Each structure stands twice: as structure tokens, then as C-alpha cells.
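Residue numbers (our numbering), protein chains in the order written: chain A, 1 to 440; chain B, 1001 to 1455.
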């Protein structure tokens, strides 16, 4: 049990140098796919991720849930392999694989030993899953039932209720606020999954990331093997812009839990936002910096009001959320909410001090080597750099970009971009509603 | 698509990560502090972990949770390093830090650039002997711990079921008590309880220092001597060895909580590793967990979720490495229209098939291949390698047992699997805990202050 909170370094995961950085090779495969490769022979293993603009942000307005289900079924039956054969073949060689999908990006990743027998077998299965999924009807019916069960269960959990209400309050009908309902899942047909797959899993929008124990020539062949037979694609690759200004709102939702779950926020920033670095560094001071942030200090360290309190920007293709979150027992929920709001208001109004900025830079700059200390972390950077079109020098430039941030930039960016008076607030398990809970 | 319920494959994953213990160096300082260094020069990063051989199983009734509370208090300052300064100094060095408490041990760690190891050692050695435990800080922090309990347990139906399961399966052994402590004990706890815990257990001769990463062992030993070497050893209390009285019949327990889906957990008492080279059963059980739930096409998911569709989620797990006794755990969530009884029956049918028909050579080989590959994958994480060493040291088996245990796993035979399954999966050995989901509007209002027992 982790007694202390694990800081939400959501932004930092994507962010990342006077330090030695991996040498990234980049090319376009004959299939049209963009390839990002780091050759490294320290360990006899290979990590691969293939990314597509196929997250839930690309769902048609009347078909929520399709993107996630399509991604989730890539490993559940291909033209050549049943779902059981996929699992067995991967396990036989000790390979690991997973589907992944967020609002922007979806795809699959594989980790395998780099010895020829294991590597070839793992990549053959991955090539099947990516290029020849069949979305079997019987499996679809089963998976729909499982997704529906999970949705209904989530509708009873305070953290899930809060996240869903927050998405709607911040993003309205924009797909970043989309949560599929049971009725949406019920009506999904196999043809919906196939159509989505054909439109969004095309080679020309694919980003292949490769990290590990192979040569450049092998990497070229693998990238082609994984993408040459992808469907035609041609679906949208851009998500509609987010409506940036929202009306202030506050929802109190009853729940029998002992704690209130509080979320405060608004649309934040996109991945390519010019204010990215000032906001990222500034947020470290506000609520991103683990045990040393202002929110942590005010709410946990000084008053013992919560175990976890944080803030983050979630940079996406379009503006993702800025969010503050905490949980506290009902009786003190209003006090904690007031403190969180006050802390934010003061932060935006009065800004940060030079000492705070220096402390933030010290952490981010001195901690840079920790961001790239494993193949897994480097693989994720390759995917993000490729998917969001960041410069190949992103990691090399990172430290200089952080160091260049000034107090005026942080304070200016927060004043322009964060509006404490126009935020959505969600409180699930609200105090005065204790005991008559009915959450939806 | 696999929505995994559990990650209690911890045991297997852990063994899976067993390397030949190359580049591992050990030294014990004059004051009894054991230092273990794992050199790994892939990145200019170092991990420091200090493991104390004191966890919730060493607590007394009435002050359950004190091991974990003290862990929180360890960030509250010393004479040299006032409250909050520890975290600020580590943060300014670019480090990440945290701590964790289990039933078996309490551990503290920092991950930072290799040049910052002396700072981490200065701070960690300082709080090994100089903690200043003020009532004022305690009174705030105990509230944080209560919030943590509410978040992790009281408001999480599956966690409540598992807490109740442990309190039911173990009558006498201190695994009966939750690591975070009963709320009633947290409410009654005083700063003096934490102080007493610190004075009793926090000593160099009850700790292991693990350093992994881009360092040289000899340099680490010299630094360790400099920072930790002068801390005096002190005598430790006799450790009470508990042996759980034999179970004499199946135990069943139900927990009501706001939820929609029911949930069932079946836990069989099982041994853990005591003699790494001589034991057999724990390794067989590790493999059994892999046969049942080691991959998406393994027996439980294939049969219960995919074919019979009696469950929407299913899992199996066993951890062979604990200071105390172990449990082999099966769990499942019924699919729509099915009951926990249906899931329990389907799980039992899988166990019966295992006992009657055994496993194929192919299945066994598949589990071993995963163990071998995970060996390699683990080397991608310096932190994980340090964790594995620290855990083995803290539970008393020692890091040198790691390759021995790996070898033993590879030696497991199909005949052993059948025999061990027959011996362990008996009703007299079984506790079944069930979640009875309550609609939100009728759910009993939690009053954690009253929730001091769940049996």
C-alpha cells in the first residue's frame, strides 16, 4: 500500500536535455506509415507500438463506443487466428501485448524477446491483429455484454460518476466529453466496427514506434510487415476544436460513500499549444509536483483534509481538460472545495514566485534522466512524438524549453488560459445529500 | 479484450523476473545494516530503497495500522530536516520518492540521477535515527490516513470484501488485520503509539539498504558506511511466530455494499517458501496460477468468460514469497443473469478438472516460457530489480534465493501439479467471501467510525 500519493505526472509523461538522449531514426515506410526507431542492443528484447488516430474522439456523434470496442476486439479473432490462438501463441513465446485507446490515439503494442524465433512469432501475430481482424459476431455479442456490465457497475462508483459528469460539464457534446451509454453499446453492429476500422486504421495515418534489439534493416522490414496490408483508411484525422469558454457550473450528486469526490476544471490546452511549457511548469507548482505543490500543502499537509489532491493539464490533439481533483470525507467536503478554489484563485491572481519557479525547474530538469531510463518509456515518447508531429529533437530540446520559462510567462499564461470564475465543479457524495443517494 | 480484475499474479510476475543474480553485491556493516547493490549501467539513474523488517503482522490488537501510520510520519521531519524539507530536497534534486507498507515490511525509496545518491543517503539515514515525532504533525497526519482508508477500503466494495475475507480466513494469525488498520484503532491511536513503533523497529540491524542502477558497488559500500555506519544497533524484541490453527470446515461470509455486480472470492490456505532449495509446493502453486490465469487464453478466462460466459471477469493468484502463510485465491464477477453461486460452481469445476485430468505438457511449457521471458523484461526496470531484491531480503529468504527459486519453477512436473492441487483445493481449507450488491438509494450509509469489525 502506497501511503503517500503517487503524483499525477500526466503532462510530464508526454513532456521530456543536456542529458544524453536516444538517437531517433525516422522514415516513411513504403506502406505510407511513419516510423520512429531507436536501435538499442543492451537488452535482448524488442518493444513495438502501432498508433492510429482512432480514439473515441473519432466516434461518429450517433455511435459512441465504437472506437473503443473496435480497438478492444483487435486481439479477439483474425482471419488466420482465433482469439484463443492469439493468446496461446503469444504466451508460448512469453510475449506480452495490449490494446490501447484514449480519446485521440488507439492501437496495439507488443513486447517480445528479440531472438528470431520469438520475435518472428510475436510480430506475425501482431501483423494479423492489426491488419486482419474479423470482429467475430459471437465474440462481439459477448464483449458487448461485458462492456455493458462494466458501464452499469461504473455507474455505481463515485469516481466514475464524477469523471463522467465532469466530461459532460467541461466538453458538452464534444467527443472529449463522450461517455458511451448502455443503449449506445447495445446498438453497435459488427458492420460499425468494420467500417470504423477500415476508415481509421489506414497505413497513411499510422505511426509505428520501435525500440530495442534490432537493426535498421530489420526495423524497416518490420514496419512494412505491420502496415502493408492495413485497410484503406481515409477517415478523419482531425478532431473538431473544443469550445474553450464554458459557463461556471456546480453539480452536487448524491452517493452513499463516506467521501465526497470533487473535480474542478475547464478545457485546458492542446498538445501543440504555444503556452505548453509555461503551463506545464506552472502546474507543477500548483498541483503537479507531488508532495511539494500548493494544493498538496494547503489541503493535505497543513490540514489533513485529503489523502490525494492534484491538478493537471491533459494535452491532447485539441484542448484536453485542466482538472483539480480530491477526495475527502463528506463532513468537510465544502471546506476542502473552498480551499481548492481559493488556492487556484490566488495562484492565478498573484502568480508564482521566482523561488517556486526555480524549484519547479530544478525538479523537472534534474529529473529528466528518469523520463528516458527504460525502453518502455522511450517507446512511449516515440509514439507521442510521431502521433502529435512533435520535432525529432523534442527530447533534446526539452530541458532548454523548461529552463527558458520565466515567471512572467507562467503568470501570463495562467491569467490568459485558466479562469477560476468559469469552471465546472462536480461533487459526488455531496454532504447535504447524504443518505438519499441516487446517482445516474 | 481483457478487463483484468486483479493483479495478484504478483507472485508469478515476481518470480518471473528472476535473473541470474549477476552484478549483485552484498555487505553487512558493523551495525548490522545489510547493503545490497545491483549494478545496472543502462541509464544514469539510481534507486535507493531502505526496507525495515516490520509490517502490520508485527502489530498488536488495538493499534492496528501503526506500521503504516509511522511510515507517513517518517516524512514529518528531524532536527536537521524539518517537516516537508525531505520532499522538497528530493524534488529539487529531480527525484521521485515514496514509501509503502505491507503486512511483512515497510520500505522507503527515492529514484534520482546517480550524482544525487549521497543526498538521498544523507536524508534516509537521518530519519532512520532522528525522527522528531510531534503531536501536532501526528494529529494532522492521522486524518490523512483515515482519508486514505476511506478511499482505498471503505468506499471500494471489492476492497471491503477482501478485507473481510482475510479477517475470516485468518483467525489468529495477524494477517487477520488490514495493513491500513481498523478505523476504530486509527481513531484511538496516539502519537506515542507511533513513537513506540519507531523506537522498537527502526534500527540498522532490522533494515536492508538496496541500491540499484548506475553505481559501483564499492563506492556504494563506502557511502553507506559514511552515512549509515554510525547509527547504533539496538536490540529487537522477540518476534512472535504465529501458526494459524487448522481450519476445520468451509467458511463463508457476505459483505453488503453499494454496487451493481456481485463478486466472489475463494481463498485456500497454502504454504509459502521457507526453504528455497528444499520446498516444492509453493513453486507448483505459482505454476498452477499461471495455468489457470497466466494469459488471456489460460483456463479460467477461456472457460468461464469466453466459452461458458458465466463470468464477465475472472482471476487467480498466489504469492509464494511472504513472511507468513499464503493463500491461493480465485475470484470472479458473474455475467448478467448469472449468480455468484454459478461462478463458484464453474471455478470449482475447473479445479476438479485440474485434479482429475492434470495439465498438458504444452500448458506447462507455456507458463515456463513466460517466466523465462519475464526474466529478460524485468531488466528494463531498475526500480523493479531493486524491489525484488528488497522484498526477498525483507522476508528473510535473501536475494541469493532468487535464481534458486527460478530453477525450481522450471523443474515443476505435471504429476506434481495434480498432487498439489488435490491437497490444497479442499473445502476444509477454503474461505468464500461474496459481495451482495446494494442499490445506491437503499445502501447502508457508511459510518466508518462504527466500522471496527466486519465479521
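Ideal Cβ placement from N, Cα and C applies to all residues, glycine included.
Being a predicted model, the structure only gives us computed values, none of them experimental.
By the C-beta criterion, the segment 1051-1066 of chain B is judged not to be in contact with the segment 1225-1234 of chain B, since fewer than 3 inter-stretch pairs fall below 8 Å. Distances from the alpha-carbon of residue 232/A to those of 198/A, 74/A, 47/A, 257/A put 198/A closest. Sequence-distant partners of residue 70/A (beyond 5 residues in either direction) whose C-beta falls short of 6 Å from its own C-beta, in its chain, are 193, 196, 197. Of all residues in the segment 1162-1180 of chain B, only 1179, 1180 come within less than 8 Å of chain A when Cβ atoms are compared, listed by chain position. Residue state for residue 29/A is assigned as coil, using DSSP reduced to three classes. Residue 44/A places its beta carbon 8 Å or farther from that of residue 180/A. Residues of chain A whose Cβ lies closer than 7 Å to the Cβ of residue 1045/B are, in chain order, 369, 370, 373. Shown here for residue 1146/B: same chain residues with a beta carbon closer than 8 Å to its own, the five before and five after excluded, namely 1183, 1186, 1187, 1448 in chain order. Exposure of residue 1028/B is indicated by the presence of fewer than 16 other C-beta atoms within 10 angstroms of its C-beta. A contact is defined here as three or more CB-CB pairs under 8 Å, and the segment 1403-1421 of chain B fails this definition with respect to the segment 1228-1241 of chain B. In the three-state reduction of the DSSP assignment, residue 1197/B falls in the helix class, which pools H, G and I. For residue 1141/B, the neighbours in chain A by C-beta distance under 8 Å run, in chain order, 304. In this structure, residue 1316/B sits near residue 1329/B, with a CB-CB distance shorter than 8 Å. At a C-beta separation below 7 Å, residue 1111/B has these neighbours in chain A: 370.
The C-alpha of residue 1431/B is placed about 6 Å away from the C-alpha of residue 1250/B.
Partner residues in the beta bridge of residue 263/A, as assigned by DSSP, are 325/A, 426/A. If you draw a straight line from the Cα of residue 1323/B to the Cα of residue 1065/B, it comes to about 18 Å. Close to chain B, meaning a Cβ-Cβ distance shorter than 7 Å, is no residue of the segment 182-194 of chain A at all. For residue 387/A, DSSP records no beta bridge to any residue.
Chain-ordered listing is empty here: chain A has no CB closer than 7 Å to the CB of residue 1195/B, the nearest sitting near 18 Å. Look at residue 1377/B: its C-beta is under 8 Å from a C-beta on chain A.
If you ignore the 5 residues before and after residue 276/A, its C-beta comes within less than 7 Å of the C-beta of 269, 315, all in its own chain and listed in chain order.
Between residue 161/A and residue 428/A, the C-beta spacing is below 8 Å.
According to the DSSP assignment, residue 1392/B belongs to the alpha helix (DSSP H) that extends over 1382-1394. With fewer than 16 neighbouring CB atoms inside 10 Å of its own CB, residue 1441/B falls in the exposed class.
In the three-state scheme derived from DSSP, where H, G and I count as helix and E and B as strand, residue 76/A is classed as coil. Between the segment 171-191 of chain A and the segment 147-162 of chain A, the count of Cβ pairs shorter than 8 Å is three or higher; the stretches touch.
Here residue 1278/B is exposed, its C-beta having fewer than 16 other C-beta atoms within 10 Å. According to the DSSP secondary-structure assignment, residue 1266/B is paired through a beta bridge with 1330/B, 1432/B. Within chain B, the residues 1094 have their CB atoms less than 8 Å from the CB of residue 365/A, given in chain order. By the C-beta criterion, the segment 374-393 of chain A is judged not to be in contact with the segment 304-313 of chain A, since fewer than 3 inter-stretch pairs fall below 8 Å. In the same chain as residue 333/A, and ignoring 5 residues on each side of it, the C-beta atoms closer than 6 Å to its own belong to 260, 431, in chain order.
Comparing alpha carbon positions, the residue from 1081/B, 1143/B, 1272/B, 1292/B closest to residue 1395/B is 1272/B. For the pair residue 1404/B and residue 1360/B, the Cα-to-Cα distance works out to about 25 Å. With the rule of 3 Cβ pairs closer than 8 Å, the segment 1289-1302 of chain B counts as touching the segment 85-99 of chain A. Boundaries of the alpha helix (DSSP H) around residue 394/A: 394-404.
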